[in-house]
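Under my numbering, think of the first position of the sequence shown as -15, with each following residue one higher.
Glycine included, every Cβ here is placed at the ideal spot set by N, Cα and C.
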Amino acid sequence: MKQTGFVLRHQCRLFLQDKGMLLFYIGGIAIFGILFPLLSRNAGSVFSLAIFATLSLQKQWNAESVAGERENRTLESLLSTPLSSQSYMTGKALFSILCASCHYLLMFGCMLAVSEALGIGSAVRPAAWMLCTAVSLLTLCGFALWGCLVSAKSVDVRAASRRSAPAGYLLAFLTVIITVLLTSGQDELWFPSIAVCILYIGFLAVFTLVCVLSIRKLGRSGFMEAEGRAAGRPHGRFKSGSAVHSQAYSVFFHEWRYLRTLKLLLVNFAILIPAPAIVLWLFYHYTGQLDLNYAILLTILMLPRVSSNLMAYSAGGEKVYRTGESLLSTPVSIGALLLGKCALPLLVSLFMLLLSSVLSLAAANVIAIREWGRGGLLYSGGQLILLYGVGMALSAAMTFLSGILSLTAKNPRKGLYLSTLLGVCFLLPALAVCLMNALLPGALLYLAVLIVVDCFLINKIRHISRPALMKRL
């Protein structure tokens, strides 16, 4: 117990020393905790966002718990101390649970205060609030144990994040379903919701028990049996031949080959594609309103995050794996290098946008045919501009911004977090445009602003020199 407390206190000390990340977390809590209830005005969505935001951060905390030590070459020195592996893992898991619980309770507290002031949660039973909070906290505990266990067996932070993501998505999806049922305000759903909640708590208990037993069996040799892609990126020579006509295409082709090896990341993207259509169906099922704007809103909120993550992994990965110097020593120009790296996230975003928008429209027509006997629903002009114009312009802005910050920041992970926080500033106008009545003029105006921002960021990228990048490696 004393060793576990030592690990926990050490992690808390390191966490509190990073003032920039503390401001990032506090800013996210304030922005989402206050603004989202004003825009949503739905009790179930308040719980959904709180648990989704917390799980997304907890996934990274879990991945960095042990795999981060392995990346920084400090795991071997830790294992050489008298500290037992069980105490080490327990301390890491307790830190993840503590951080995630504090983040969730603070964000939910802000949302609850704003919701009560607006009268949003007045129709929800107090028992439903308490049950939703208990289920969410138990979910965070189970995911912390699973994430730390996966991190201990992963070769680096990226592999740990990819391998723990499917379980995180599953737990988040189940938690959201339960919270929506509990906060629906329908008396006939109260007892079925309680039954589903009890079943889910039983599932969490079994899941947590399996994780605890696996951690207890994990010895010091288990930390050395890391799974996943080997650290480092195989750069070598770019593929040459008649199919490669430019340096930018060579970089793009290399990034594409590397992306195809990230199977779990591609599975995560595949899970996100039908998400807007599922939200559209759930919103109609519980409110009786068929509104494509909500699917469009989720799509344009989701895609910039995908492109910024891909760009941060690509640009920041060169610094993490110490391959940036060898890459910059090649004849590839800086402009072609950055253009090739930016092209792949934008292409992936466009592909996901096309599939997601088609699935959302198909889901809306299926609902219309089943309920009213007629379909033929199409996107309006304003919705098309918002979906494709604003959506792709937002993805481009986030890609360029993430690339600049990942290359210039001392820690690439901090560059990703900073680009995420700045990305909220781009997403808030999109929220306002999507929820306002004058959709077409608002979408056109915001698209013009985003084009100017994209041109400014492209100009910044063009002026990044090779010596400036070498200083940041």
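Selection Gln1, His(-6), Arg200 and Asn46 evaluated against Trp130 yields Asn46 as nearest (Cα-Cα). The DSSP-derived three-state label of Ser138 is strand. In its chain, beyond the 5 residues on either side, Met295, Thr383, Phe384 and Gly387 have a beta carbon closer than 7 Å to the beta carbon of Cys326.
Residues of the same chain with a CB within less than 6 Å of the CB of Val160, apart from the 5 flanking positions on each side, are Ser32 in chain order. Under the rule that a run must span 4 or more residues, the alpha helix (DSSP H) segments found entirely inside the segment -1 to 54 read 3 to 24.
Contact between the segment 118 to 136 and the segment 34 to 44 is present: three or more C-beta pairs spanning the two stretches fall below 8 Å. Annotation: Gly359 to Ile351 spans about 8 Å, alpha carbon to alpha carbon. A straight line joining the alpha-carbon of Leu406 with that of Phe253 spans about 23 Å.
Straight through space, the alpha carbons of Ala299 and Leu402 are spaced by roughly 15 Å. If you draw a straight line from the Cα of Thr271 to the Cα of Ile435, it comes to about 36 Å. Ala393 sits in coil when the DSSP states are folded into three classes, being neither helix nor strand. The continuous alpha helix (DSSP H) containing Glu100 extends over residues Ser69 to Leu102.
Between Leu274 and Ala189, the beta carbon gap of about 38 Å keeps them out of contact (Cβ cut-off 8 Å). Assignment of Ile199 by DSSP, reduced to helix, strand and coil, places it in the helix class. Within the model, the alpha-carbon separation for Ser148 versus Pro329 is close to 22 Å. In the DSSP assignment, Val374 falls outside any alpha helix (DSSP H), carrying neither H nor E. Cβ neighbours of Leu431 within its own chain (closer than 7 Å, five residues either side excluded): Ile369, Gly373, Val374 and Ala377. In this structure the segment 89 to 104 touches the segment 10 to 19; the number of beta carbon pairs closer than 8 Å is three or more. It is roughly 48 Å from the alpha-carbon of Gly186 to the alpha-carbon of Ala422.
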